[in-house]
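The structure appears below as structure tokens.
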Amino acid sequence: MKFSRLLLAIILSVAASAAVAAYVASKHAGGAASASESAYARVIRTGTLRCGYGVFAPYFTKDLKTGKYGGVIHDVVEAVGNHLGLKIVWAEEVGLGDIATALKTGKIDAYCGGVWSIGKRVRVIDYTDPVFYEPIFVYVRSDDHRFDKNFAALDSSTARVAMIDGEGSSLIAAAEFPKARPVSLPQLSTYADMFNLVVMNKADFLLTAPLGEHTFAKNNPGQLRPLDKPVRIFPMDGFVISYGEPALRDILNQAQKNIRNNGIIDKILDRYDPGHTLFWRVAKPYIRPQDPQGK
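Throughout the sequence shown, residue numbering follows numbering that gives the first Met the number 0, covering 0 to 294 in sequence.
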């Protein structure tokens with residue numbers, strides 16, 4: 000009798016252990032499946048797009064008192080989300096050099112702060128279509144005429160170039176003016192910090208788009224001026240995603256096309272650039288035919 004009870008206890012114990020092991024295995028398998036879920040599938044399942052961002056006024060701004068976000072890229076991203084029926088969640092601020100890692104680890108579904116598709120970045124991250132194009136100029140102090148019509152003088156060890164680590168202008172400077180001495184600021188520094196390096200004579204020049212300098216000049220008029228021709232012309236891309244996410248890229252691109260064709264993007268750009276001097280608009284993919292009267 001005692002032997003039968005002992006045998007029954009052993010059988011029950013083995014069965015319980017097997018059940019626990021099966022439950023743990025099933026939970027582990029479920030976690031693995033979740034980890035392999037694509038960003039597109041996650042966005043569609045949750046109805047949200049988790050965005051990383053960088054605070055670079057006026058592309059993307061954050062009110063320190065209210066926490067409210069704004070800026071031209073912010074407004075375009077929100078319009079895309081509204082068009083797709085997705086809630087935009089501004090998940091976390093991400094340094095430009097950390098975008099690829101944040102995407103790969105799933106911290107964000109997309110970087111939505113606006114960046115240039117430039118240099119080595121294109122090897123590790125994918126971009127949606129441009130929201131607009133930006134010419135990149137060399138800016139110097141208003142009273143500094145050493146480089147007027149003399150770009151060769153910029154590519155010298157005696158010239159100091161202001162930059163932010165990982166930001167697009169640092170890559171341009173390395174390519175265009177490799178001999179210039181970099182004066183670098185850490186990631187998450189602001190454009191104003193970079194501009195002030197030149198104003199305070201800690202650097203001789205910087206590379207930026209007219210919009211950035213225009214914003215700085217509102218509080219610092221007459222401090223900087225551009226040299227006469229752009230160094231590069233870059234697309235300002237609204238979204239950055241991981242490679243291998245064609246479905247996510249396609250729906251974001253299609254939404255951008257739709258809100259561009261119905262005039263929403265132009266209205267947003269006009270709020271920030273009513274004179275059409277800061278943003279170079281994307282050409283429409285069609286030509287309106289003239290009516291029979293030639294009007």
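Glycine included, every Cβ here is placed at the ideal spot set by N, Cα and C.
Taking only the alpha-carbon atoms, compute the straight-line gap between residue i and residue j and give it to the nearest angstrom.
i: residue 252; j: residue 99; result: 20 Å
i: residue 74; j: residue 176; result: 34 Å
i: residue 302; j: residue 166; result: Only positions 0 to 294 of the chain appear in this structure, which leaves residue 302 out of reach.
i: residue 150; j: residue 224; result: 15 Å
i: residue 222; j: residue 146; result: 16 Å
i: residue 192; j: residue 271; result: 22 Å
i: residue 261; j: residue 285; result: 13 Å
i: residue 78; j: residue 144; result: 43 Å
i: residue 211; j: residue 132; result: 13 Å
i: residue 283; j: residue 255; result: 13 Å
i: residue 94; j: residue 234; result: 20 Å
i: residue 71; j: residue 154; result: 33 Å
i: residue 67; j: residue 59; result: 11 Å
i: residue 279; j: residue 38; result: 31 Å
i: residue 203; j: residue 65; result: 36 Å
i: residue 115; j: residue 289; result: 36 Å
i: residue 81; j: residue 259; result: 14 Å
i: residue 162; j: residue 206; result: 8 Å
i: residue 265; j: residue 84; result: 21 Å
i: residue 106; j: residue 247; result: 16 Å
i: residue 188; j: residue 164; result: 9 Å
i: residue 36; j: residue 125; result: 18 Å
i: residue 47; j: residue 230; result: 38 Å
i: residue 41; j: residue 102; result: 13 Å
i: residue 276; j: residue 159; result: 28 Å
i: residue 303; j: residue 228; result: In the structure as shown, the chain starts at 0 and stops at 294, and residue 303 therefore has no counterpart that could be examined.
i: residue 263; j: residue 273; result: 14 Å
i: residue 57; j: residue 96; result: 20 Å
i: residue 156; j: residue 249; result: 45 Å
i: residue 269; j: residue 152; result: 37 Å
i: residue 104; j: residue 45; result: 18 Å
i: residue 63; j: residue 213; result: 22 Å
Could you have a look at residue i and say whether DSSP puts it in helix, strand or coil?
i: residue 263; result: helix
i: residue 138; result: strand
i: residue 58; result: coil
i: residue 285; result: coil
i: residue 238; result: coil
i: residue 273; result: coil
i: residue 0; result: Residue placement at residue 0 is flagged as unreliable, the pLDDT there being 49, under the threshold of 50; a coordinate-derived value is accordingly withheld.
i: residue 150; result: helix
i: residue 145; result: coil
i: residue 231; result: strand
i: residue 205; result: strand
Starting from residue i, follow the alpha helix (DSSP H) in both directions and report where the run begins and ends.
i: residue 209; result: 209 to 218
i: residue 103; result: 98 to 103
i: residue 161; result: No alpha helix (DSSP H) contains residue 161, which is instead part of the beta strand (DSSP E) from 159 to 163.
i: residue 196; result: 190 to 198
i: residue 170; result: 167 to 175
Where do the ends of the beta strand (DSSP E) carrying residue i lie?
i: residue 51; result: 47 to 52
i: residue 183; result: 180 to 184
i: residue 225; result: 223 to 225
Comparing the C-beta of residue i with each C-beta of chain D, is any distance below 9 Å?
i: residue 154; result: The structure shown has no chain D; it contains just one protein chain.
Quick check: the stretch 132 to 149 against the stretch 193 to 201, are there 3 or more CB pairs under 8 Å? yes
Is it the case that the stretch 79 to 90 contacts the stretch 36 to 55, given that we only count it when at least three CB pairs across the two stretches are under 8 Å? The answer is yes - the stretch 79 to 90 touches the stretch 36 to 55, with three or more Cβ pairs under 8 Å.
Those runs of the alpha helix (DSSP H) which lie wholly inside the stretch 77 to 131 and span at least 4 residues: The stretch 77 to 131 contains, as complete alpha helix (DSSP H) runs of 4+ residues, the segments 98 to 103 (chain order).
Cβ pair count under 8 Å reaching 3, the stretch 223 to 240 against the stretch 109 to 117: yes
Counting beta carbon pairs with one atom in the stretch 243 to 250 and one in the stretch 168 to 185, are three or more of them shorter than 8 Å? no
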